[in-house]
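> Residue numbers (our numbering): 95 to 306.
We put the CB at the ideal spot given by N, CA and C, even for glycine.
All values reported here derive from a predicted model rather than from experimental measurement.
Pasting in a structure now, in structure tokens, and then I'll have a few things to ask.
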Ligand SMILES: [Fe+2]
């Protein structure tokens, strides 16, 4: 640690949480995602996805829990356990809840454009199936208005600067998806999903979180 680290203060920092939920059977959940696709008559309007398939919005009260046991189990773990703990981190008096969730299936070359989740305080993604060769990161992109001075000037002078290892200099941040992991981030953060390079499906379930 150098003297600059010791005497620095991070302000306006952004938390991205990454939980492992190991007691979810992803093989079973994968089958339920395909079943949901077969039964889903209401196509969700195209949102951020280029190609791929997004299910209609799923809410706990319209999910057939006799058919989708693992999906419901995942919802309960996130809503009852993770979000209860996270609520207490922020306040004794508010309760964060899952507002809606939906399934994403990206086939080869499918990706998601830059977007935000404007109606949710947090947005989360659980990775059901991540092919080894998909090479398809979740990528956060920094608002360029924040990048006008330090990053811009350092980068212009030295394109090989240490930006990748310095969160205050970088303009993008990659999360490599892992099966059974749940990544939770503020809904206002701009993000994209890189193209799935695998022939196998990249499957995730997205959760929008708010206060109800
Ligand atoms: Fe998203």
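(1) I'd like to confirm the pairing. Which residues does DSSP put opposite residue 195 in its beta bridges?
(2) DSSP has residue 190 in a bridge; who is on the other side?
(3) Examine ligand 1 and report whether any of its heavy atoms sits within less than 7 Å of the Cβ of residue 160.
(4) Considering only the alpha carbon of each residue, which of 159, 269, 175, 108 lies closest to residue 232?
(5) Should residue 262 go down as buried or exposed, given a rule of 16 or more other Cβ atoms within 10 Å for buried?
(6) Determine contact between the region 100-116 and the region 148-162, defined as no fewer than three beta-carbon pairs at a distance below 8 Å.
(7) Report yes if the CB atom of residue 300 is closer than 8 Å to the CB atom of residue 223, and no otherwise.
(8) Count the other C-beta atoms from every protein chain shown that fall within 10 angstroms of the C-beta of residue 289, then say buried if there are 16 or more, exposed otherwise.
(9) For residue 292 versus residue 225, is the C-beta distance shorter than 8 Å?
(10) Considering just the uninterrupted stretch of the alpha helix (DSSP H) at residue 133, what are its terminal residues?
(11) Under 7 Å: does the beta carbon of residue 308 sit that close to some heavy atom of ligand 1?
(12) Following a CB-centred definition, is residue 300 positioned closer than 7 Å to any heavy atom of ligand 1?
(13) Comparing alpha-carbon positions, which option in 146, 277, 296 lies nearest residue 115?
(14) In three-state terms, what does DSSP make of residue 273?
(15) What do you reckon, are the CB atoms on residue 200 and residue 177 nearer than 8 Å?
With the given structure in hand:
(1) 152, 301
(2) 305
(3) no
(4) 269
(5) exposed
(6) no
(7) no
(8) buried
(9) yes
(10) 120-133
(11) Past the boundaries of the shown model lies residue 308; the chain is included only from 95 to 306, so the question cannot be answered.
(12) yes
(13) 277
(14) coil
(15) no
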